[in-house]
Amino acid sequence: MRAVLADLSTPRYLWTAAAGKVKQDAGWGPGGLMRLTDMPEPQLPRDGWVRIKPELAGICGSDVGLAHAKNSFVMSAFYAEPKAIPGHEVVGVIVDGPREGERVVLDPILSCAHRGFSPCRTCREGRPYACERFDEAGVTGCHAPGQGFSDAVGGGWGESLVAHESQCIPIGSVPSARAVLAEPASIGLHAALQWKRTGDRVVVIGPGTIGLLVTASLRMLHPDLDIAMVSPGQFGADRAREAGASRILPTGAAAIEALAASDGGRVVRPRMTKLPILEQGVDAVFDCVGSPDTIDLSLHLLRPGAMLVLVGAAGKQTVDWSLVWSRELTVQGTINSGPEPALGGRRTMEQVAEWLADPAYLVDGLVTHQYDLDEWTLGMDTASAGPKAQAVKVTLRPNQDVPLV
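Dropping the structure here:
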C-alpha cells in the first residue's frame with residue numbers, strides 16, 4: 009500500500025529540527041522525516057480487529073508539529089515507535105473483519121484491553137485515553153497511543169489501517185467533511201466537559217480547529233453561555249462566530265481592556281509587567297494554543313477560583329504562576345477523549361457522532377481543503393500556513409475508490 013511514513017529516529021528528528029530553521033517545509037521536503045512510500049499493509053493482530061480503508065483523514069496540528077520537529081522530547085517516552093504512519097483523524101469503511109462494509113469514524117486510542125493487558129489504574133478508572141501502557145505493544149505491535157502514531161497499526165495517511173472493532177464508531181451518512189472532524193471534535197467536547205459550569209462567561213483562546221470545536225461543544229452544552237474568542241485576525245474571528253462564539257476579543261492586553269470595558273470589570277496594573285489583571289474576570293478560559301503568551305493572558309483574565317483548561321499542547325516554557333496560588337486558580341490539563349461521567353459513561357466520540365448529524369452543531373466550513381494522497385506535501389504546506397492560506401482543517405483522501413459522502 010501507499011502511505012506517508014514518518015521516520016522518528018533521533019538523528020532524523022534532529023536533522024529536521026536544524027533544517028527547519030532555514031526551510032519551512034524541511035520536514036516533508038527531500039531528506040525530511042516524512043515521505044510517501046510503498047509498504048506492506050498492517051496485519052490484523054487477532055480476532056475482533058478490522059481493516060479500514062480511509063475515506064478522509066485530517067492533518068492535525070500535532071502532525072504539523074511533528075513534521076517541524078517541534079514536539080517535546082518528554083512525550084517520546086509514550087510515543088516510542090521509530091516509524092509511524094500519521095493520521096489519527098479518520099472516517100472510512102471497514103473492508104475486512106466484523107461489520108464489513110460499515111462506514112465508521114475511528115477512536116484512535118489503544119488501551120490496555122486492546123493490547124491484551126489487564127487494565128492499568130487509569131483504564132480501571134474509566135480513563136483509557138490516559139492509559140499507563142502506551143509504550144507497551146502487547147498484541148498490537150504498537151508502542152504508541154494508537155493509530156496515527158505507529159506503522160504497526162497504521163494511520164489515516166495510508167491506504168489501509170487496522171483497528172479493534174470497539175474503536176469504530178458508526179457514522180452513517182454524515183457528510184465526509186463533517187465526519188472527518190469526529191476525533192478532534194471529541195477532544196473539544198472532552199475539554200469543554202472539564203469545566204463544571206460555575207458562571208456565565210468563558211473565553212476561548214485560539215480559533216484553530218480545536219478552539220473552534222471547543223466553542224461548538226460549549227454552545228451545544230450551554231446555549232446561553234457567553235463565549236468570547238480571542239482571535240489574532242479576521243479569518244479566525246469569522247470562523248469563531250460561525251462556530252457559536254458570542255463575541256471576538258483582540259489578543260494580549262487589549263483583550264483584558266476590552267472585557268473590562270464591555271462587562272464592567274476593574275483593571276489592576278502590576279509594576280514592571282506587560283499585562284494588567286482583570287478583577288471580576290471570567291469563569292473559565294480554554295487555552296487552545298498553549299504558548300507562554302496565551303497561558304499568561306489566560307491567568308490574567310480569570311476571576312479568583314476560576315479554571316484554566318489547558319487544551320493546547322504546551323511544551324517547555326517559562327510562565328509566571330503567581331496568579332495560580334494567589335487567586336486559587338485551577339489549571340486543568342486535557343488530552344484525547346473517552347468515557348465521560350457527564351455523558352452517563354458514554355464516549356465523547358459517540359456523542360459527537362450524534363451531534364455531527366445535527367445541523368445545530370456548528371462545524372460546517374471547518375474543513376477548508378482536501379488533497380489526494382499524492383498531493384500530501386501541498387496539504388502540509390497549507391496546514392502549516394494556517395490562516396495565511398485561509399485554512400482551518402486540511403484533509404487527505406488516501407483512496408479514490410472510497411466514495412465521499
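Sequential numbering from 9 applies to the sequence shown in this note's numbering. Positions of the beta carbon are idealized from the N, C-alpha and C atoms, including for glycine.
Simplified DSSP assignment, three categories, for residue i
i, result
"Ala145", "coil"
"Gly166", "strand"
"Thr385", "helix"
"Leu44", "strand"
"Trp36", "coil"
"Phe243", "helix"
"Cys131", "helix"
"Ile93", "strand"
"Arg10", "strand"
"Leu174", "Residue 174 is actually Ser in this sequence, not Leu. Residue state, collapsed to three classes: helix."
"Thr342", "coil"
"Glu348", "coil"
"Ser158", "strand"
"Arg249", "helix"
C-alpha gap between residue i and residue j, whole angstroms
i, j, result
"Ser17", "Asp380", "27 Å"
"Ala185", "Arg279", "49 Å"
"Gln340", "Asp295", "10 Å"
"Ile213", "Ala121", "36 Å"
"Val400", "Arg123", "34 Å"
"Gly260", "Arg277", "14 Å"
"Ser126", "Gly134", "13 Å"
"Ser306", "Leu118", "33 Å"
"Gly289", "Met237", "15 Å"
"Gly244", "Gly352", "34 Å"
"Val317", "Asp301", "15 Å"
"Asp234", "Trp333", "26 Å"
"Ala397", "Asp389", "9 Å"
"Pro53", "Asp291", "47 Å"
"Pro349", "Ile102", "30 Å"
"Gly373", "Thr223", "14 Å"
"Gly154", "Val161", "8 Å"
"Pro215", "Pro395", "10 Å"
"Ala391", "Val375", "11 Å"
"Ala368", "Leu169", "32 Å"
"Pro38", "Gly320", "30 Å"
Distance CB(residue i)-CB(residue j) smaller than 9 Å
i, j, result
"Val293", "Val188", "no"
"Val297", "Ile285", "no"
"Leu404", "Ala152", "no"
"Gly146", "His96", "no"
"His198", "Thr24", "no"
"Ala88", "Asp159", "no"
"Glu358", "Ile60", "no"
"Val371", "Ala193", "yes"
"Gly196", "Leu220", "yes"
"Leu5", "Ser239", "Residue 5 lies beyond the range of the chain shown here (9 to 413); nothing can be said about it."
"Asp115", "Gly346", "yes"
"Ala361", "Ile218", "no"
"Arg4", "Ser270", "The shown model of the chain, from 9 to 413, leaves out residue 4, and the question about it has no answer."
"Trp57", "Glu173", "yes"
The alpha helix (DSSP H) enclosing residue i, as first and last residue numbers
i, result
"Gly313", "Per DSSP, Gly313 belongs to no alpha helix (DSSP H); it is in the beta strand (DSSP E), Leu310 to Leu318."
"Val360", "Thr356 to Leu364"
"Tyr21", "Thr18 to Ala27"
"Asp271", "Ala261 to Asp271"
"Arg123", "Cys120 to Arg123"
"Ile195", "Ala190 to Leu201"
"Arg111", "No alpha helix (DSSP H) contains Arg111, which is instead part of the beta strand (DSSP E) from Arg111 to Leu114."
"Arg186", "Ser184 to Ala187"
"Val332", "Ser330 to Ser334"
Opening and closing residue of the beta strand (DSSP E) in which residue i lies
i, result
"Gly100", "Val98 to Asp104"
"Trp57", "Trp57 to Ile67"
"His377", "Val375 to Asp380"
"Thr403", "Lys401 to Arg405"
"Gly219", "Here Gly219 belongs to no beta strand (DSSP E); instead the alpha helix (DSSP H) covers Thr217 to Leu229."
"Val276", "Arg274 to Val276"
"Val212", "Arg209 to Ile213"
"Leu412", "First-last for Leu412: undefined, no H or E at that position."
Heavy atom of the ligand PLP within 8 Å of residue i beta-carbon
i, result
"Pro395", "Although the ligand PLP was asked about, the structure shown includes no ligands whatsoever."
The region 298-317 in contact with the region 97-111 per 3-pair CB rule at 8 Å
no
Does the region 318-329 come within contact of the region 160-171, defined as at least 3 CB pairs closer than 8 Å?
-> no
Report task. Give a yes or no on contact between the region 123-143 and the region 218-233, applying the rule of three or more CB pairs nearer than 8 Å. Result -> no
| field | Cβ contact check for the region 27-46 and the region 373-390: 3 or more pairs under 8 Å | value | yes
Review point. Touching or not, the region 197-208 and the region 78-90, by the rule of three or more beta carbon pairs under 8 Å?
Key: no
Three or more beta-carbon pairs under 8 Å between the region 29-36 and the region 53-65, yes or no? no
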